[in-house]
Ligand code: NAD
Ligand code: WQD
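Residue numbers (the UniProt record's numbering): 4 to 365.
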């Protein structure tokens, strides 16, 4: 009750202990926002929040709560006066989602429903949602839609993508039910990479990394033998697929821009989608070379077969975000690789072997 009486207004950051969420919290605090982090730590650790406190010199309230736990989440709404929500919490591994789709639907969709119901009950009207370029599916079926604009028809091709698509629909329908009230920003991220330049926070995947940059970083620090390049027979400039890689700090700043946009529309509601990408595509080999340069290592690799479900090109048309949110990327793939390398060398085992545990392990 005390925190409500104190008059402070908080941004509720769901999934704030995770990769993108932790970088957004850093940016929010730097911009003068107070945050309360909710995370069940199913894919992260409290250490990231502790590091954020070190980085920002700021106390960051943390609640270990599962979004599907209505009573647990309601306590957070009762304790803190929440002004807006940035909703990162969700499961995100495409391959895993095809094996355990019910878990993905349950966690991502139910978690969002419970959150929205509590927002309605406590009159919290502003939400920024983490969607994904994966909602577009294989955009190469529309040759005139590369780079991809927000108007491109959506056609996700895996259960993870279906959860993002469904949540976008839920937000649109909820907005339409009372267009004076709800203010929703749907952000479709392309490929987030890199880490905070401080080296204090970064991506720390559990088990074998699914994504290109974390995998390469683990090879470079000696945790894995070599990188497997999933196919070099695509019709691109060097045979490997093209993606729009975006520095996670730029991405985090996009959330501040979206929050400010929602605040500027204080009289009426809105629900709108924005791509967050750079507009520039890079091939796997181009990223590989950038990371070899940044780490000053010749990373061993082997070309293997294509990975099921991969598409040839996913590049954003980022004009809408630039025009409306006044946001664009500022950091290129080279900077992202340098910042990732700093994070990887200073934390070769991620958040695991730091603090107490490291002392006992040594
Ligand atoms: P992440 O796994 O590092 O962060 C997600 C966080 O949510 C984790 O800390 C996890 O513990 C938490 N979480 C999951 N389910 C929860 C639940 N039911 N209750 C409470 N906490 C829960 O992933 P990330 O890369 O930081 O992604 C953040 C968001 O952005 C996700 O919604 C993801 O789908 C989306 N996204 C990510 C990418 C990417 O490539 N990383 C791209 C597009 C979109
Ligand atoms: C990038 C490129 C691989 C690993 C995924 C999700 C997407 C979004 C972002 C959440 C591809 C190649 C990769 C490796 C490789 N996430 N690769 N060897 O698949 O573009 O996007 O993350 O919303 O929904 O699908 O990212 O980093 O896995 O792959 O050759 O060990 O690197 O084939 O061309 P992807 P990625």
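Virtual Cβ for every residue (Gly too), placed ideally from N, Cα, C.
Which residues DSSP lists as bridging residue i, in chain order
i, result
"residue 273", "186"
"residue 67", "42"
"residue 286", "245"
"residue 319", "151"
"residue 305", "231"
"residue 209", "The partner list for residue 209 (beta bridge, DSSP) is empty, contrary to what the question assumes."
"residue 130", "88 and 187"
"residue 37", "13"
"residue 250", "196"
"residue 278", "191"
"residue 341", "Answer is none; residue 341 lacks a bridge partner."
"residue 383", "No answer is possible for residue 383: the residues shown for the chain start at 4 and end at 365."
Cβ pair residue i, residue j closer than 7 Å
i, j, result
"residue 133", "residue 91", "yes"
"residue 87", "residue 16", "no"
"residue 286", "residue 243", "yes"
"residue 267", "residue 151", "no"
"residue 114", "residue 70", "yes"
"residue 382", "residue 351", "With the chain covering only 4 through 365, there is no way to say anything about residue 382."
"residue 315", "residue 143", "yes"
"residue 111", "residue 93", "yes"
"residue 188", "residue 265", "yes"
"residue 168", "residue 157", "yes"
"residue 28", "residue 19", "yes"
"residue 153", "residue 278", "yes"
"residue 127", "residue 197", "no"
"residue 342", "residue 200", "yes"
"residue 107", "residue 182", "no"
"residue 23", "residue 208", "no"
"residue 193", "residue 280", "yes"
Simplified DSSP assignment, three categories, for residue i
i, result
"residue 121", "helix"
"residue 256", "helix"
"residue 78", "helix"
"residue 358", "In this prediction, residue 358 has a pLDDT of 42, which is less than 50 and means its spatial position is unreliable; nothing more can be read from the coordinates."
"residue 11", "coil"
"residue 89", "strand"
"residue 160", "coil"
"residue 47", "coil"
"residue 19", "coil"
"residue 201", "coil"
"residue 29", "helix"
"residue 239", "coil"
"residue 299", "coil"
"residue 112", "helix"
"residue 363", "Annotation note: pLDDT 33 at residue 363 (below 50); position unreliable, coordinate value reported separately. The answer is helix: DSSP assigns residue 363 an H, G or I state."
"residue 346", "helix"
"residue 176", "helix"
"residue 102", "helix"
"residue 167", "helix"
"residue 351", "coil"
"residue 334", "coil"
"residue 83", "coil"
"residue 294", "helix"
"residue 3", "This structure leaves residue 3 out entirely; the chain is present only between 4 and 365."
"residue 263", "helix"
"residue 218", "helix"
beta-carbon residue i near ligand 4 non-hydrogen atom, thresh 6 Å
i, result
"residue 215", "This structure lacks ligand 4; the ligands present are ligand 1 and ligand 2."
Cutoff 7 Å: residue i Cβ touching any chain D Cβ
i, result
"residue 177", "The structure shown has no chain D; it contains just one protein chain."
- Task: Give a yes or no on contact between the stretch 74-87 and the stretch 113-127, applying the rule of three or more CB pairs nearer than 8 Å.
- Result: yes
- Between the stretch 255-263 and the stretch 201-215, do three or more beta carbon pairs fall short of 8 Å? no
- Is it true that the stretch 25-43 meets the stretch 54-71, where meeting means three or more beta-carbon pairs spaced less than 8 Å apart? yes
- Message: Check whether the stretch 286-298 and the stretch 155-175 touch, using three or more Cβ-Cβ pairs below 8 Å as the test.
- Response: no
- Message: With three or more beta-carbon pairs closer than 8 Å as the criterion, would you say the stretch 51-63 touches the stretch 92-100?
- Response: no
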